[in-house]
Amino acid sequence: MSEIKFKVIKDGNEKKYIPLIRKMLNRSLMEIKECLSNNGYIDICSLDNIDGLQHMNELIDGLQKKGAEIVLYENDRVVETEFLKNILESHFDTERYLQETDDKVIEQD
């Protein structure tokens, strides 16, 4: 299954990203520092895990607000952060459509 993952580009400000990453991912300080200093993936999520993708999107937004430069990957291909937002929007559109269809079926009964 495809997955999406991201890294934070080293910029000398990694210390200000640690509290947010730690809060949102519940990882140890050492593990986060290692990821940041070794250019490791901060978070990895399957494309079919919508809750995980939504959580990742919130983390990326928070990091970008703190000035972090993010590199997002679908498998090993670099993609824009809009790619993640589009996946989420597509899921929610499908969810709304299915709910509307269910509502119509229920009304007909």
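Here my numbering is used: the first residue of the sequence shown is 1387, the next is one more, and so on. Note that the Cβ used here is the ideal one computed from N, Cα and C, for glycine as well.
(Q) In the DSSP output, which residue or residues are listed as bridge partners for L1411? (A) Residue pairing for L1411: DSSP places it in no beta bridge.
Q: Pull up the distance between the alpha-carbon of V1394 and that of N1425, whole angstroms please.
A: Cα to Cα, V1394 sits roughly 7 Å from N1425.
Q: Locate the beta strand (DSSP E) running through D1458, then write down its first and last residues.
A: Reading off the sequence shown, one finds Leu at residue 1458, where the question assumed Asp. That run of the beta strand (DSSP E) goes I1456 to E1460.
Q) Which residues share a DSSP beta bridge with K1393? A) Note: K1393 is bridge-paired with V1457 in the DSSP secondary-structure output.
Q.
Could you tell me the alpha carbon to alpha carbon distance between D1397 and A1454, rounded to whole angstroms?
A. For D1397 and A1454, the distance between alpha carbons rounds to 8 Å.
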